[in-house]
Every structure is written in C-alpha cells, then in structure tokens.
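Student: Sequence positions in the sequence shown follow the working numbering and run 88 to 769.
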Amino acid sequence: MTTDTPASTSTNPLLAPSPLPYGLPDFAALDDEHFLPAYRAGMAEHRAELDAITADSAEPAFENTFLAVERSGQLLRRVHQVFSNLLAADGTEVRQEIDEEISPELSAHWDAIHLDAALYSRLARVDLDGIGGPESEDRRLAEETLKTFRLLGAELDREAKVRLAAINERLAVLSSQYGRRMVAENTASAVWFGSAGEVAGLSEQDLASAAAAARNAGHDAGYLLTLSMFTSQPWLETLENPDSRRRVHEAAWRRGTTPGKNFALDLAVEQAGLRAEKAQLLGFSSWADYALQDRTAPSLDAVRDLLDRIIPAATANARREKTEIEAEAGHPVEAWDWPFYAARIERERYRVDTTALRSYFELDRVLTEGVFAAATALYGITFRERPDLHGYQPDVRVWEVLEADGTELGLFVGDFFTRPTKSGGAWMNSFREASTFFGERPVVSNNLNIPRPAAGEPALLTVDQVNTLFHEFGHALHGLLSSGRYATLSGTAVPRDFVEFPSQVNEMWMYWPEIVSAYARHVGTGETIDPDVLAAIEASSLWGEGFRTTEYLGAAMLDLAWHSLAPGTTVEDPLAFEAEQLRAAGLDPDLVAPRYRSSYFKHIFGGGYAAGYYSYLWSEVLDADTVEWFRAHGGLSRENGERFRSELLARGNTRDPMESYRRFRGGDADPEHLLRRRGLLG
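(1) According to the neighbour-count rule (16 or more other Cβ atoms, all chains shown, within 10 Å of its Cβ), is D660 buried or exposed?
(2) For V458, does the three-state DSSP call read helix, strand or coil?
(3) May I ask you to report which of helix, strand or coil DSSP gives T469?
(4) For V278, which three-state DSSP category applies?
(5) Mapping DSSP to helix, strand and coil, what is E544?
(6) Quick one: residues in its chain with C-beta nearer than 7 Å to the C-beta of H760, no 5 flanking neighbours on either side, listed in chain order?
(7) Given a threshold of 16 other Cβ atoms within 10 Å of its Cβ, counted over all protein chains shown, does R471 qualify as buried or as exposed?
(8) Provide the residue span of the beta strand (DSSP E) that contains E337, from first to last.
(9) Write down the C-beta distance between F212 and T141 rounded to the nearest angstrom, noting that I regard them as a contact closer than 8 Å.
(10) Grouping DSSP H, G and I as helix and E and B as strand, with all else coil, what is T615?
(11) What span of residues does the beta strand (DSSP E) with D502 cover, start to end?
(12) From this set, D584, E231 and L154, which residue's C-alpha is nearest L387's C-alpha?
(13) Between which two residues does the alpha helix (DSSP H) carrying V550 extend?
(14) Based on Cα-Cα distance, which residue from V458, A252, E231 and A339 lies nearest to V278?
(15) May I have the straight-line CA-CA distance separating L767 from E707, to the nearest angstrom?
(16) If you draw a straight line from the C-alpha of Y700 to the C-alpha of T612, how long is it?
(17) Classify T656: buried if its beta carbon has 16 or more other beta carbons within 10 angstroms, exposed otherwise.
(18) Out of curiosity, what's the CA-to-CA distance linking S95 and E187?
(19) Kindly indicate which three-state DSSP category L770 falls into: helix, strand or coil?
(20) What number of angstroms, rounded off, separates the C-alpha of L640 from the C-alpha of R334?
(21) Report the three-state DSSP secondary structure of I537 (helix, strand or coil).
(22) Considering Cα atoms alone, identify which of H336, D216, T179 and R484 is closest to P426.
(23) Using 9 Å as the threshold, is the C-beta distance between R342 and L314 below it?
(24) Check the DSSP bridge columns for V485 and list the partner residues they point to.
(25) Helix or strand or just coil, what does DSSP make of N349?
(26) Ends of the beta strand (DSSP E) at N516?
(27) Could I get the ranges of all uninterrupted alpha helix (DSSP H) runs contained in the stretch 673–729, with 4 residues as the minimum, in chain order?
(28) For S747, which three-state DSSP category applies?
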C-alpha cells in the first residue's frame, strides 16, 4: 500500500481546510495516495493536542478540558469524513485496501484516547454543576463526553483495557473485510441472461439498463441484472419467466455463504463472539444489553416487547397474503414467485400497475418539484444547483441550500445512480456538520442506487425509489437544519433508535396533494397523474404489509439473536443458527425470508447498527404519531414546519431527543398509530 513520503504530504490537499465554498472537499485535487499520509498526520496532531490538555497544570474546567477536547482532532475529522464517504459511494479496490490498512490504526488511536487514564481523570474532575443548567449545550456536551468515555472502557483496569483494545482492533479489521467482501460478492452475484425472452416483463428502461450493465461488465451481449441489498429483489415483480425469477432469487439468497474469497459468514460469527466478550468486559450480559445503554429505548425488554407484540399479527397477515397469492397463481408459490403474483394482484384488485407508474416519476422532477418543494413549503429553504461545484464522480450533483431570506445554509450533494464500486442500499452522510463553535455550515449527501438509464434517456423511478428519495432527504434535513454549537451533538448525532425518525416523517409528503400533483407528471406528455390512481395506490398500501413487516422483523430478530449471545458461545453452523433463532422468535423463514441474511447484513456487520436494526420500527412509533399530529394541525405549512424544525431537527443531540419529541408533540407517542398504519390492530 502507499507510504508516507515528503512529496505526498507536502502537496496533500487534505492537510488544510478546503478553499471551496462551505468547505466542500476539492475532489479534483484529491488522489488516493493522499489519504494514508493525511490520516496519520491527523492522528499525530490529535494525540499531541490531547497530550497538551492532560499536561495543563491549570485546574480542570469546562473551557480547558471539555471544550479543548471538542476542539481537538479537526484534521483527523476532516480526513475521515472525506474518506468514509468516498469508501461507501465509490469503494474502489485501492480504497478498500486503504480502509483495511487504516482501520486498525484508527481503532488503536481511539482506544488510546478513550482508555487514557490521565485524560479521563481530568474530565471527571470538572464540576458539572458549575457548567450550566439542564438546557445548557455546554452541560450536555460534558455529560455526553463522560458517558462516551465510560461506555468505551475508561473505568476498566489495566488488564481489561489491554484486552478491550485488542478486541476493538480486530473488530475494525473484520468490519472492513466484511464490507469489502459484501460489495465484491454483490457485484459478482449479478445474474446474466443471454436472451430477451429470459427477461421478458422488464420495462424498456430496465432492459436498456440491463443491456448497458452487461456491456460494462464485459459481456458481448445479453442482460445483466444487478442485485439490491435486500433478499427479495425488485426484478421479481416483473420477470415473467419463473426460472429467471428463481435464478435471481437464489443468487441473492446465497450471497456470501459459499466458501471462497467473498465468504462472509466467518466474519459475522467472529464479530458476534468478540462483541459478546467486549460487552462482558464492560459489565454487561450481552452486546445487545450494552448497546441499549446509548439508545432512547429504556431497555432491551422494552424492545423485545414491541417486536413480540407485532410478530404474531404480522405473520398472520403474511399467511393470509400467501393464501391469496397461491389462489391467484393456481399453484404453490416459491419465494421467487411471491413478488410476481403479489404485484399482479395489486394491478388487478387496485388497478395499480407499478411498472406503468414509473413514467410519472422522473428523477429530476421528483427531486425538485417533490422533495425540494416540500422542504420549501415546510421550512422556507430553497435550492440552487451549483454546476461550478464538482462531486467525486461526474454524475454527482451539488445544490446550495438557502434560508427563506437568502442566507446561506449549506450544501446538498446528490449521488443517485448505482455503480459497481458503490455500497448497496441508500444512505445519508455528512462531509461537514453544522457547528457554530467551528463556524461551519453543513455539507450533507444522499446516496441511492437507481439503475442508470441508457444514454439520453430519463431516469424513471419506482414507487419505492420515490419513497426512498423522500426518506433519505429527511436525514439530509436533519443535518442541514441543525443549529447546534458543537459538531459532536449536531444533526444526526443522536441515538441510533432515534435517527430514523425524522427521515420516516419526511416520507409523508410523498403523497401530499399539492406536492404529488406537481412532481407526478408523465415524462412524455406532462400529464398529471390521475387522482384516482393515487387513491388506488393509497388503498393498496396495506396489501403486502404482512410480507414487508415480516421480512423486516426477521432481520431485526436475527440482529438481536447474534447480539444476545453469551460470551464464549460458539456458533458452528451460522445458517442453521439463523433458521433456529427465527423460528424461536415466532417467525417462519420458509414463509417469508428475512430482509437480510448474516452474509449480507451490512447494517450490523459492516456498519453501526449492531443490536440496533430494531431502530426503524422503534422510530416508526414516533413517526406514525407525528404524522397524525401534522394531519390534525393542517399538514404542509410553514407554521408546522417551523415547530418541527425548532423543537426537533435543529436540536440534534443538544438535549435528550425524547425530551425534544415531547416538547414538539406535547406528550409521549401513542403506538396504536403505528399498529393501525401496518394493519396490525385486531
């Protein structure tokens, strides 16, 4: 791998703040060789800054201790934000190698900080009562910093700290390897078909995209169907050939389970075991118990109670759906048949043809007349594309975001199309967080994986992709509208089981009348989508909810199963473990497969959701309750938007997020709104 040299560091653009507006990274000046030297320079600078804090002879106080810690490490922060974003969005082989090399070094660096007895002693000696009242951001920063140090092992004895550091270093390596193998396996598992007959049923856009994907992958002819990260693939809804559906499903289902260079199950098993041992070192019975210490859910029992309440009703719904689907098909259906016949029922029963609907959902119009327009109506913010500001790929776009009075707010970076080097799924990241302390305004990005249309053709979205666009922009708003003083507490730096809440709320505007009538226009004629079609879509919303809820619950329970293991537990056969644990939870994997398997569950084995995949449902309790509030108070209005912004989006983690929710809503959430939404009330 690359090494530190005077030539590489002297011209390294990462070593100084970017001169571009809002500190947008100067991607044109960046080379991969810059990252390792910049990382190592950042770690050295950070360590020196913290050593100066512990060496300070003055009595520890907020300014010379907590504030000094917050101020430290800005070079490292800047480098990591750039690299981690690029790794997810454009994880080339070289960047994957860099990640594998630097991840254990970063782990060791952070362990040296959080396990530093002298630094922790200085932090603990500061009188918190003298910092400020309950609403003070300074007080919140101090409390959260101490909590982080404690949860990361600051109070362990010397021997335990040594073992903890070794575990953390190994986990960093395993997570990096898992992510790398998963991306490679997903690319390798794409399914090639040689004839048009094998892919009959696909739309013209999908056929053109599949043909282009085949050429890009080196095939002289045919069609290549790339895979989403879910078990159930979107192609299954329209592929008419049952054998083609089977090939796609089996390719998705088997990812990462076959011994070879992309085998991932061994990495998952080792991570689960190390996390159990780490939890025990820190005084907890399991990783799940440990992880819940930094969440809004009051306990692991409370999480299990919510899931256990929903599982019987969800699986009962799924069984009823399967009965109807088999009646439609006229024969027993396999997993690869279910989406095809479910879509047929939706077309026939509700007159909803999801394939034909794509002509009404053109990416640019959905984005500008839908997603952006809803944000303008709620918060007064406007969007101005900046073609003079360039992303890390030619098709990455940048918008400047302005307040209603024209004040500069931040930048929004959009990366919408799939590429072989991109992680699957969709996500929001920050290149910079909002922070008045640093005088920085936010630069946030949204990544989706929309199949790239043929040259010169418009990008047409599925209904699910439109929903994802609104969802991910809800995360972006959480970052853009943050007004906190400290980057550590800014934007989406909230507990894992709260972070999905604002994004889920933003989905409600997808079908709001004045929004959908503006963006849902036929790409050829400009005709507005028929209101009766929208009514049919709404009427069909509960159809398939049994399947969707059950596949989600399968993944959530699988996550908790891996992370409830007692220390020292050995899982010899992870696939058998999956099936056993799902059945023990009251789920039937033969009825509905989990959304992810252990071999392609990046959220928990290559990301930050370990023992946290339940968060989507936990946040949805708040979301469903909030949607009812908006509807009761007039819906899409500046008054409502400003209340949601000021009490929730702007707050980040500057106060307890659940307190922010209660300030907004006037009380706790009623879970019955969620149960009704998902059709789970008796």
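In this text, a Cβ means the ideal position worked out from N, Cα and C, and glycines have one as well.
Tutor: The relevant details are as follows:
(1) The residue you call residue 660 lines up with position 573 of the sequence shown. D660 should be labelled exposed.
(2) In the sequence shown, counting from the first residue as 1, residue 458 sits at position 371. Here V458 sits in helix by DSSP.
(3) In the sequence shown, residue 469 corresponds to position 382, counting from 1. Residue state, collapsed to three classes: strand.
(4) One-based indexing of the sequence shown puts residue 278 at position 191. Residue state, collapsed to three classes: strand.
(5) As a first step, residue 544 is located in the sequence shown; it is residue number 457 there, counting from the start. Looking at E544 - three-state DSSP - the assignment turns out to be coil, as it is neither helix nor strand.
(6) Within the sequence shown, the letter at position 673 stands for residue 760. Excluding sequence neighbours, H760 sits near A711, D712 and E715.
(7) Start at 1 with the first residue of the sequence shown, and residue 471 comes out as number 384. R471 should be labelled exposed.
(8) By 1-based counting over the sequence shown, the position of residue 337 is 250. Element bounds for E337: not the beta strand (DSSP E) but the alpha helix (DSSP H), P329 to W340.
(9) The sequence position of residue 212 within the sequence shown is 125, counting from 1. The sequence position of residue 141 within the sequence shown is 54, counting from 1. Sequence inspection shows Arg at residue 212; the Phe mentioned does not correspond to that position. In fact, because the Cβ distance is near 11 Å, the residues do not count as touching under 8 Å.
(10) If you number the sequence shown from 1, residue 615 lands on position 528. Reduced to three states, the DSSP call for T615 is strand.
(11) Residue mapping note: residue 502 aligns to position 415 of the sequence shown, counting from 1. Start and end: E495 to F504.
(12) Sequence index remark: in the sequence shown, residue 387 carries index 300 (1-based). Looking at the Cα atoms, D584 is the closest of the given residues.
(13) Mapped onto the sequence shown, residue 550 falls at position 463. Here the alpha helix (DSSP H) through V550 covers V550 to L567.
(14) Taking the sequence shown and counting its residues from 1, the one referred to as residue 278 is at position 191. The candidate whose alpha carbon is nearest that of V278 is A339.
(15) Residue mapping note: residue 767 aligns to position 680 of the sequence shown, counting from 1. Residue mapping note: residue 707 aligns to position 620 of the sequence shown, counting from 1. One C-alpha to the other measures close to 14 Å.
(16) Here residue 700 corresponds to residue number 613 of the sequence shown, with the count starting at 1. Here residue 612 corresponds to residue number 525 of the sequence shown, with the count starting at 1. Approximately 42 Å between the Cα atoms of the pair.
(17) Taking the first residue of the sequence shown as 1, we reach residue 656 at position 569. Counting Cβ neighbours within 10 Å, T656 comes out exposed, since fewer than 16 surround it.
(18) Position 8 of the sequence shown, counting from 1, holds the residue named residue 95. Position 100 of the sequence shown, counting from 1, holds the residue named residue 187. Low local confidence applies: a pLDDT of 46 at S95 is under 50, so the model's placement there is unreliable, and no value is given.
(19) Residue coverage of the chain in this structure runs from 88 to 769, which leaves residue 770 outside it and unanswerable.
(20) Within the sequence shown, the letter at position 553 stands for residue 640. Within the sequence shown, the letter at position 247 stands for residue 334. When rounded, the distance between both Cα atoms is 25 Å.
(21) As a working note, residue 537 is residue 450 in the sequence shown. Of the three classes helix, strand and coil, the one that applies to I537 here is strand, per DSSP.
(22) Counting from one through the sequence shown, the residue named residue 426 turns up at place 339. Closest option to P426, Cα to Cα, is H336.
(23) As a position in the sequence shown, residue 342 is number 255, starting the count at 1. As a position in the sequence shown, residue 314 is number 227, starting the count at 1. Yes; because the gap between Cβ atoms is below 9 Å, this pair is in contact.
(24) Residue 485 sits at position 398 when you count from the first residue of the sequence shown. Partner(s): V500.
(25) The residue labelled residue 349 in the question sits at position 262 within the sequence shown. Correct three-state label for N349: coil.
(26) Taking the sequence shown and counting its residues from 1, the one referred to as residue 516 is at position 429. Its beta strand (DSSP E) spans residues W514 to R519.
(27) 689–692 and 702–719
(28) Taking the sequence shown and counting its residues from 1, the one referred to as residue 747 is at position 660. The answer is helix: DSSP assigns S747 an H, G or I state.
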